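What follows is one structure encoded as structure tokens, with my remarks underneath.
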Amino acid sequence: MKKVIWCILAIGSFFYANAQDVIISDPIPIASDHRLGLIGEIKEQALMFRWKEHDYRVIGFNKNLQRKFEKKLEMEKRLPTVLFVEASKNDFSVVYYHRQKGHLYFRANKYAANVNLLDSVLIADLSKVFFTPRFHTEESKDKNILLLHYMQNEEIVNAFCYQLDAMKLLWKKKFKPDNYFREQSFFQMQVSNRGEMFMILKRNNMNTRRRPHKYTILSYHAGQEEVASFDIGMEGHTTYDAIFEYDNLNKQLIGGGFYSVKNGSRANGWFYLRWKPESGEEILLKFHEFDQTFVADFMNNKRVRKNATISNIQIREPVLRRDGGMLLIAEKVTVYNQQNTNQMRRPRSFGFPTSPGIDYYYEEILLLSIHPDGRLHWSNILRKKQISHSDGAVGSSFFLTKTKKKLHFIYNRDIQRSTLISEYLLSGGGDFAENNIIST
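Residues 12 to 451 in our numbering are what the sequence shown spells out, letter by letter.
So, in structure tokens, the structure goes:
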């Protein structure tokens, strides 16, 4: 079975000009067992990554999106597995691992725009690892620092911090968090532009009197002897959903999300957290109940109800404000199993359809702009209704891109019958406009 993928690329000032120019490539037929990803634009060439098992190739397009070449990546021949791909102005980097004589190696290759190999470096030799660990990667905001990490025996963290442009390992660290259970504790990992690691652990989210809910922040950087640990109590609340982001401009770790009071499947309000590890300031943590009129509007209820809550909502990527505040973005997502009609909440599935008998509803986008002191600046709702069936929701949700003055929320307006791509343009003050980008 074949699938057809259209590659859409922003040319020139696509997101900056009033008149938007969109160029669409010729269809690219691929087998259903292939996967695709965009590397980026390098020297007026758009590069696309295509892979199947251990076969990795790059497809190149000119500025008019005419296909010019397809080339296999030159890597170690012993079953390489790519973990990370990132483009810079003149080249792109690929981080991968492979086995040789029982050893497992991390390597990084740098390629020119024509996909010729420029340089290669060994990041780490994991020696004789019997089972291949599950590796994870985190990238800094300037896209120059990569944090590789994996768990050893489900209790020891192995972390490697690598600088892409200099092609060098900044540090490596092995440590064992106290009372660690991955399924109950691990929440998120962040890395700063300077190579600082922040591991966020979610503790005791059941929130009993003997074991109150809290977050533990583990931090480490080059030259530091031991991993530092810091606890943040949640003042009797439990977390419904949350996200953390390192603010490189203001040198602080910011967190935000929704909290629950009694029913963990429903959110009663939102919270904002700010920690400046270098300044010695106390943690700022603020909780706010939802405005009931706002809840009724978001949940499409005709009447405003007392103590109303929000359900079926998932936090997306945050947007950091220059003043140290944040824009918290969440999306209403409901998944129904047609076989038993029970409502389910599960992570979004990427790839080709693998979930027969499931209906996906991706609807309103919730926006909360929060001042750095934890007060609400403004709130708003972006309306959309994306309904699909048994497709893994591959065409649902939205893509967020940022310019100096506006945020662009790009989404498929009509998934079932046609290709209608629209966008919301959001200003810093919360005002928005809706435009159609592509209709076929």
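Quick reminder that beta carbons are idealized off the backbone N, C-alpha and C, glycines included.
Bear in mind the structure is a predicted one, so any value in this text is a computation, not a measurement.
- Secondary structure of D308 (DSSP, three-state): helix.
- The Cβ neighbour count for I376, taken over all protein chains shown within 10 Å, is at least 16; the residue is labelled buried.
- Going by DSSP, D102 is part of the beta strand (DSSP E) stretching over 102-111.
- Buried is the label assigned to Q263, since at least 16 other Cβ atoms lie within 10 Å of its Cβ.
- A direct Cα-Cα distance of roughly 22 Å separates I426 from M310.
- Taking the Cα of R205 as reference, the smallest distance to any Cα among R89, H45, L158 is reached at L158.
- Going by beta carbons, L437 and K415 fall outside the 8 Å limit.
- Using a Cβ-Cβ distance cut-off of 8 Å, the segment 57-74 and the segment 136-147 are not in contact, since fewer than three pairs of beta carbons, one from each stretch, lie closer than that value.
- By the Cβ criterion, the segment 143-158 is in contact with the segment 86-106, since at least three pairs of Cβ atoms, one from each stretch, lie closer than 8 Å.
- Contact check for L338 against S380 passes: the beta carbons are separated by less than 8 Å.
- For S196, the secondary structure class from DSSP, reduced to helix, strand or coil, is helix.
- Shown here, Q56 sits in a strand according to DSSP, grouped into three states.
- Contact check for H299 against V272 fails: the beta carbons are separated by 8 Å or more.
- Rounded to whole angstroms, the separation of the alpha carbons of S408 and K396 is 9 Å.
- I265 and D37 have their C-alpha atoms roughly 43 Å apart.
- When the Cα atoms are used, R110 and R89 turn out to be separated by approximately 6 Å.
- Distance from the CA atom of N125 to the CA atom of Y67, rounded to whole angstroms, is 15 Å.
- By the C-beta criterion, the segment 112-120 is judged not to be in contact with the segment 181-195, since fewer than 3 inter-stretch pairs fall below 8 Å.
- By the beta-carbon neighbour count (other beta carbons within 10 angstroms, threshold 16), R220 is exposed.
- Residue nearest to H160 within the set D176, E52, K185, G51 is K185 (criterion: CA-CA distance).
- Selection G439, I156, I243, K100 evaluated against L378 yields G439 as nearest (Cα-Cα).
- CA-to-CA, the gap between K317 and N274 works out to about 16 Å.
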